[in-house]
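In my numbering, the protein residues as written are 5 to 180.
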């Protein structure tokens with residue numbers, strides 16, 4: 005899918021990538037959601053599907069925080085207070101901890117809710133507001149939203165599909 009250039013394309017990318025991802029997340033067997041066997045967000049680390057979901061929830065809720073601060077005319081501390089862009093692995097670890105006690109189904113619901121809120125906020129903005137100027141450094145608001153919603157949905161789906169294939173191979177070899 006090409007990089008969105010306007011509001012309509014952004015909404016389409018979010019809905020398309022989320023729709024593909026959520027089906028795969030819903031298909032993960034409950035007994036595997038906490039198994040740390042996915043490549044983590046920090047090189048050489050492993051994470052669980054629950055961690056991957058926590059990561060997505062964390063970023064979606066961060067986007068909501070950015071948009072709320074922007075609407076209130078408050079400064080935004082990108083990516084988040086206490087973190088720099090070169091510390092995204094640490095931020096991922098924070099998301100894992102922040103959502104560690106939340107059951108998988110509730111995380112799925114929380115991701116869906118955050119995505120719906122982001123879509124609703126995008127719908128209230130014009131193409132000019134989303135793509136007409138710089139919002140952060142050289143990036144427009146629409147591009148920053150896309151970087152942290154539809155792109156991670158697509159990346160997570162690729163990771164999950166690779167993991168799923170490996171799990172199927174493991175299950176088949178154990179059944180032999």
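Beta carbons: idealized from backbone N, C-alpha and C, even for Gly.
Limits of the unbroken alpha helix (DSSP H) element including residue i
i	result
residue 88	Looking at the DSSP string, residue 88 is not in any alpha helix (DSSP H), and its letter there is neither H nor E.
residue 70	53 to 75
residue 150	145 to 151
residue 24	11 to 30
Own chain, CB closer than 8 Å to residue i, minus 5 neighbours either side, in chain order
i	result
residue 164	25, 28, 29, 32, 42, 53 and 56
residue 68	118, 121, 122 and 125
residue 66	83, 84 and 152
residue 129	11 and 145
residue 19	123
residue 177	The pLDDT assigned to residue 177 is 49, lower than 50, so where the model puts this residue is not dependable, and the model offers no usable value.
residue 112	26, 29, 30 and 57
Of the listed residues the options, nearest to residue i (C-alpha basis)
i	options	result
residue 145	75, 34 and 21	75
residue 13	40, 150, 162 and 157	150
residue 70	60, 61, 62 and 82	82
residue 156	63, 73 and 170	63
Beta-carbon contacts of residue i that lie in its chain and below 6 Å, excluding the five residues immediately before and after
i	result
residue 100	55 and 58
residue 104	none
residue 8	14, 17 and 150
residue 21	154, 157 and 158
Residues of its chain near residue i, where Cβ-Cβ distance is below 7 Å and the 5 sequence neighbours each way are ignored
i	result
residue 180	Low confidence applies to residue 180: its pLDDT is 46, below 50, so where it sits in the model is not reliable, and the reading given next is rough at best. For residue 180, where only same-chain residues beyond five positions count, there are no Cβ hits under 7 Å.
residue 6	none
residue 148	139 and 140
residue 137	144
residue 44	50 and 51
residue 89	83
Nearest-angstrom beta carbon gap, residue j and residue i [assumed within contact, 8 Å]
i	j	result
residue 46	residue 93	4 Å
residue 95	residue 108	21 Å between Cβ atoms; not a contact.
Any non-hydrogen atom of the ligand ADP closer than 6 Å to residue i Cβ
i	result
residue 13	As presented, the structure is devoid of all ligands, the ligand ADP included, so that no description of it is given.
Contained alpha helix (DSSP H) runs [length at least 4] in the segment 88 to 134, N- to C-terminal order
With a minimum length of 4 residues, the continuous alpha helix (DSSP H) runs that stay inside the segment 88 to 134 are 92 to 102 and 108 to 127.
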